[in-house]
Structure formats: structure tokens, C-alpha cells
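Visitor: Following our numbering, the numbering of the sequence shown begins with 513 at its first residue and continues without gaps.
Below: one structure in C-alpha cells.
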Amino acid sequence: MLAGHTGLVDDLLRKGVTNSQVIFERLLGQGYAGGLTTVKTYIAAHRDLVPAKRRQAAPQGCRGQRFRTAPGEAYQMDWGFVRVEGWDGGDFKIACFAMVCHHCGTCYVEFFPNARQENLFIGMVHAFMVMGVPEYVLTDNMRSVTTGRDIEGKPIWQVDYAAFMACVGFRTRLCKPYHPFTKGKVERLVSYVKRNFAAGRKFCNATDLNAQALEWCARQSGRYRRAMDCVP
């Protein structure tokens, strides 16, 4: 069933893409008529094509406490940098804005040339248009959000960001400095985007890439979540 499609699978494996679901979706776009099991069997038999992974650090155990929020109460947002491939074969490093609902896991992803403040505002507005406006957003101590903390440890908001919060009508909470795993849901989302969405994907321009990302987010958010026993 994979005859005529092995070149695509081999190319993805050489790039380190081993997620069978990702490869299966790429094959369907090329007219593949087989099943997922055939893809898994082929991947298992050609593991030698996958480049060796870096040595991973020893696990450090649990360093936080799990907490729950009500629907629409809290979102988490973050920037990540992703390498993608254009139709001409060129390799690009672009900024990925990610926002996720802490309650149900509904996600929004958008790509920009850089992580400047104006792109942060655009990404947040577009995410709110899709997901709604929360009570507060949890994020890092990025310079486009805060300029530091006062003597009592309270954040000093960047002027434009403070005006943006007041205009839209939400609050912001900052993670403890050098404590990024506080917003674990969006950290995992950025990693998931790199491994699942961006893996082996090509695009014509930023508009095309973001259109694909919006469709991908809708598909991910429409899946059943066992932890919540619902579809977001």
C-alpha cells in the first residue's frame, strides 16, 4: 500500500519526524489509501533513518502543584521559535504565538516573523476572537508585558500593555521568574506544535501557514478530552 509513498516517509524520518499520525496525515494528502497500521509497521522497520537524539537530563521529579480553573477563567500564553520549510525548500525560523485555555485545552496558534510587542497584541486579539476573553492570562515576565517589579514584588506593567489590558478587559498574572513550568499547558502546546504541526509541513507564505494553523487548532480542539470528559 505504501508503494510510491515511501520517499515521503523516508524524508520525514530523516528529519526526525516519527509521529505515525503526522506521517499518516501527510500521506493522505498524497492520495495514500492504506491504513495507519501499515505506516506504523514501516516506521518501526526503518528506525535507522531517524537521527540520534541528544542525551536527555535525568528527571528531576515533580516541582509544582496542580491546580484547576473554571471555564474561561484563565488562559496561558507563550512564544516559541519553530523551524519550518517553504515550498522552495528554504528553512525558516519563525516565532510561534500560542495560547491555551487552562480549563479545557482549547488552543490557538499563530506564526509571526518575530516576537515583538505589536505581534503579541495581534496574536492575543485573534486568539480572543476565537476563544473569547478570559478573566486573566498567565504568562512569562517578558519585556513586552512587564518592565520589572517594585519593592513589594508586584509587577510594573509596560505602558502599552497596561493600556491594552484596560481596553480589552482582562487581567494578567506573571509566573515566578525562572519558573516557566507554572504554565505547563502552553509549554506543552508549543512543543506539540513543533512535533506535530510543523513537522514536515510546507507553506507558500505567512497567510497560508496561519490558515493551516487555524484549521489544525480547530481539529485539535474538536477532539474528545478524556481528562475533562468532554469536547472543548
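Glycine included, C-beta positions come from ideal geometry on N, C-alpha and C.
Let me know if Tyr544 comes out buried or exposed under the rule of 16 or more other beta-carbons within 10 Å of its beta-carbon.
Guide: Taking the first residue of the sequence shown as position 1, residue 544 is located at position 32. Buried is the call here.
Visitor: Tell me, please, which residues DSSP counts as bridged to Cys716.
Guide: Residue numbering aside, residue 716 sits at position 204 when the sequence shown is read from its first letter. BP columns for Cys716 are empty, so no partner.
Visitor: Which one or two residues does DSSP pair with Ala607 in a beta bridge?
Guide: By 1-based counting over the sequence shown, the position of residue 607 is 95. Answer is Phe593, Phe624.
Visitor: Let me know if Arg737 comes out buried or exposed under the rule of 16 or more other beta-carbons within 10 Å of its beta-carbon.
Guide: In the sequence shown, counting from the first residue as 1, residue 737 sits at position 225. Exposed is the call here.
Visitor: Indicate the three-state DSSP secondary structure (helix, strand or coil) for Gly681 in the structure shown.
Guide: Along the sequence shown, one-based indexing puts residue 681 at 169. Reduced to three states, the DSSP call for Gly681 is coil.
Visitor: Using 7 Å as the threshold, is the C-beta distance between Lys697 and Val594 below it?
Guide: Locating residue 697 in the sequence shown gives position 185, counting from the first residue. Locating residue 594 in the sequence shown gives position 82, counting from the first residue. No, they are not a contact pair.
Visitor: Report buried or exposed for Val529, applying the criterion of at least 16 other Cβ atoms within 10 angstroms of its Cβ.
Guide: Sequence index remark: in the sequence shown, residue 529 carries index 17 (1-based). Looking at its Cβ environment, which holds 16 or more other Cβ atoms inside 10 Å, Val529 is buried.
Visitor: Do Phe623 and Asn717 have their C-beta atoms within less than 7 Å of each other?
Guide: Taking the sequence shown and counting its residues from 1, one reaches residue 623 at position 111. Taking the sequence shown and counting its residues from 1, one reaches residue 717 at position 205. The answer is no: Cβ separation not under 7 Å.
Visitor: Cβ of Gln732 versus every heavy atom of the ligand NAP: is any distance shorter than 6 Å?
Guide: For the ligand NAP, the structure offers nothing, since it holds no ligand at all.
Visitor: Considering Val649, what are the terminal residues of the beta strand (DSSP E) in which it resides?
Guide: Counting from 1 along the sequence shown, the entry for residue 649 is found at position 137. Element bounds for Val649: 648-651.
Visitor: Sorted by chain position, which residues of the same chain lie with C-beta nearer than 8 Å to Cys619's C-beta, five sequence neighbours on each side aside?
Guide: Stepping through the sequence shown from its first residue, residue 619 is reached at position 107. Excluding residues within five positions, the ones whose Cβ falls inside 8 Å are Ala610, Met611, Val612, Cys613, Leu701, Cys729, Gln732, Ser733.
Visitor: I'd like the list of long-range same chain contacts for Tyr673, defined as Cβ closer than 6 Å, with 5 residues on each side in sequence excluded.
Guide: Counted from its first residue, the sequence shown places residue 673 at position 161. Same-chain partners within the cutoff: Val657.
Visitor: Taking just the CA atoms, how far does Val637 sit from Val621?
Guide: What you label residue 621 is simply residue 109 of the sequence shown in a count that begins at 1. What you label residue 637 is simply residue 125 of the sequence shown in a count that begins at 1. Distance between the alpha carbons of Val621 and Val637: 12 Å.
Visitor: Mind checking whether Ala586 and Pro667 have CB atoms under 7 Å apart?
Guide: The sequence position of residue 586 within the sequence shown is 74, counting from 1. The sequence position of residue 667 within the sequence shown is 155, counting from 1. No, the Cβ-Cβ distance between Ala586 and Pro667 is not below 7 Å.
Visitor: From the DSSP output, which residues share a beta bridge with Pro667?
Guide: Sequence index remark: in the sequence shown, residue 667 carries index 155 (1-based). Arg661, per the DSSP bridge assignment.
Visitor: Could you tell me which residues DSSP puts in a beta bridge with Gln588?
Guide: Position 76 of the sequence shown, counted from the first residue, corresponds to residue 588. Partner(s): Val612, Leu650.
Visitor: Determine the direct distance from the alpha carbon of Leu650 to that of Ala710, and round the result to whole angstroms.
Guide: Stepping through the sequence shown from its first residue, residue 710 is reached at position 198. Stepping through the sequence shown from its first residue, residue 650 is reached at position 138. Taking the straight line from one Cα to the other gives about 25 Å.
Visitor: Taking Thr581 as the reference, give the member of Leu726, Gly712, Tyr648, Cys679 with the closest Cα.
Guide: Sequence index remark: in the sequence shown, residue 581 carries index 69 (1-based). When only C-alpha atoms are compared, the closest one is Tyr648.
Visitor: For Asn631 and Val705, what's the separation of their Cα atoms in angstroms?
Guide: Walking along the sequence shown from the start, residue 631 turns up at place 119. Walking along the sequence shown from the start, residue 705 turns up at place 193. Using only the alpha carbons, I get a separation of about 19 Å.
Visitor: When you compare only the Cα positions, how much space is there between His517 and Thr549?
Guide: One-based indexing of the sequence shown puts residue 517 at position 5. One-based indexing of the sequence shown puts residue 549 at position 37. Near 15 Å, if we compare the C-alpha coordinates of Thr549 and His517.
Visitor: For Phe536, which residues in the same chain have their Cβ closer than 7 Å to its Cβ, ignoring the five residues on either side in sequence?
Guide: In the sequence shown, counting from the first residue as 1, residue 536 sits at position 24. Excluding residues within five positions, the ones whose Cβ falls inside 7 Å are Leu548, Val551.
Visitor: Report the CB separation of Ala627 from Trp669 in whole angstroms; it is logged as a contact under 8 Å.
Guide: The residue given as residue 627 occupies position 115 in the sequence shown. The residue given as residue 669 occupies position 157 in the sequence shown. The pair is not a contact, with the Cβ atoms about 18 Å apart (cut-off 8 Å).
Visitor: Hey, how far is the Cα of Gly665 from the Cα of Phe682?
Guide: Translated into positions along the sequence shown, residue 665 becomes position 153. Translated into positions along the sequence shown, residue 682 becomes position 170. Roughly 21 Å separates the two Cα atoms.
Visitor: Just grab the DSSP bridge partners of Arg707 for me.
Guide: Within the sequence shown, residue 707 is the residue found at index 195, counting from 1. Paired residue(s): none; Arg707 is not in a bridge.
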